[in-house]
Structures are given as structure tokens and as C-alpha cells.
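Quick note, in numbering that gives the first Met the number 0, the sequence shown goes up one by one and the last residue is 148.
What follows is a set of notes on a single structure, which appears directly below.
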Amino acid sequence: MYEELAKGYDELYGEEQLKKLSLVRKYIHGKILDLGAGTGIIAKEINNVTSLEPCKEMLNFAPEPKILGKAEEIPFEEGEFDTIISFTALHHCDIDKVISELKRMKAKNLVLTILKKSKKREEIIRKLKDTFDMIEIDEGKDIILVQEG
Numbered sequence: 000m001y002e003e004l005a006k007g008y009d010e011l012y013g014e015e016q017l018k019k020l021s022l023v024r025k026y027i028h029g030k031i032l033d034l035g036a037g038t039g040i041i042a043k044e045i046n047n048v049t050s051l052e053p054c055k056e057m058l059n060f061a062p063e064p065k066i067l068g069k070a071e072e073i074p075f076e077e078g079e080f081d082t083i084i085s086f087t088a089l090h091h092c093d094i095d096k097v098i099s100e101l102k103r104m105k106a107k108n109l110v111l112t113i114l115k116k117s118k119k120r121e122e123i124i125r126k127l128k129d130t131f132d133m134i135e136i137d138e139g140k141d142i143i144l145v146q147e148g
């Protein structure tokens, strides 16, 4: 599905993603990893972002550095990033595996947005809040969870 959307993704969802970024920018510091980065919308706005995305066609539009990969298997060492972000992507993932990877990575800051329309929304939010000390922000279309360390 995202293979076909890649070319027009920024036009379709760019404004929405940038609105979320404006709400949480103050929590995003240091070296940043963007899980499910898509076309790199965040990396185009903020310096020092590494985009991790499982869809090659989407990743083709992201600036460097970018890595083809999944949030369930983060290909980096513990402590390599100060902040890990994910905007409207975690409902596509195995949240238990993602949480395990987030714990392993030990980033000081987490900024994760969960799509309200997702059938897995409540489970994802509960599991993240049970694992990490997070505040919740209602953005409208998404719930934003933030851990600031």
C-alpha cells in the first residue's frame, strides 16, 4: 500500500505530520531516531535525524542518513540515540517487540504518536504507559505519548 503512496505522501500527510511536530518539538533533543519515518518528513525539518523505514519506496524520498528496517528490530546499539520518535506508525507494528527494542535502546526521550482510529490504540497506549513514564497529549487525530528524561 505505501509503495504506491510514496510519491504523494508528503502532499497528503505532510501538513498533518508537521502539526504534530510543532506540538512536541520541545521534547526532541540530541541525536534522533525516527521509527517508521516514511518519506523523512521529520528529518526534512530537524537536523540530526536518522530515518528508519520498512518501505523502500517511501525511504527513497527521505534525506540521509536513512536505513531500511523495522521498529521491531532496530539495527543500532544501546544508547546511540538521545530521542526516539515515531509519528503515526506504531499501529502497523508488533508493539511488544517495539517496546522491547525501545527498552534496549535506552533513549532519554520518547515521542510516539498513536492513531486514534487504530483498533489497537488502547492496547498500544496501555502497554507503552505501563512500561515507560509518559505524559499523554490529545492531538486530535492522534494520541501523543512523551517520555522526557
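C-beta atoms are modelled at their ideal positions from N, C-alpha and C, and glycine is treated no differently.
Which of helix, strand or coil DSSP assigns to Asp95: Taken through DSSP and simplified to helix, strand or coil, Asp95 comes out as helix.
Range covered by the beta strand (DSSP E) that runs through Ile83: Its beta strand (DSSP E) spans residues 82-86.
Contact under 7 Å by Cβ, Phe80 with Lys19: No, Cβ-Cβ distance for Phe80 and Lys19 is not below 7 Å.
8 Å contact criterion, which Asn108 and Gly78 should meet: CB distance rounded: Wrong, their Cβ atoms sit about 13 Å apart, outside the cutoff.
DSSP state of Thr38 mapped onto helix, strand, coil: Coil at Thr38, not helix or strand.
Supposed contact pair Leu17 and Ile40 - C-beta distance, whole angstroms, cut 8 Å: Indeed, because the Cβ distance is near 7 Å, the residues count as touching under 8 Å.
DSSP beta-bridge partners of Gln16: Partner(s): none; Gln16 has no beta bridge.
Coil, strand or helix - Ser117 by DSSP: Under the three-state reduction of DSSP, Ser117 is assigned to coil, being neither helix nor strand.
Residues sharing a beta bridge with Ile142, DSSP: Ile142 has Ile113, Asp137 as its beta-bridge partners, per DSSP.
Three-state class that DSSP yields for Asp151 in the structure shown: Nothing can be reported for residue 151: it is not among the residues displayed for the chain, which extend from 0 to 148.
N-terminal and C-terminal residue of the beta strand (DSSP E) that Lys65 is part of: Run containing Lys65: 65-67, per the beta strand (DSSP E) assignment.
Same chain, Cβ closer than 8 Å to Asn47, neighbours up to 5 away in sequence not counted: Cβ neighbours of Asn47 beyond the five flanking positions: Gly29, Lys30, Ile31.
Nearest candidate by alpha-carbon position, reference Phe131, set Gln146, Glu122, Glu138: Taking only the C-alpha atoms, the option nearest Phe131 is Gln146.
For Asn59, the residue or residues it bridges with in DSSP: Under DSSP, Asn59 forms no beta bridge with any residue.
Where Glu52 sits in the DSSP three-state scheme: Glu52 falls in the strand class under three-state DSSP.
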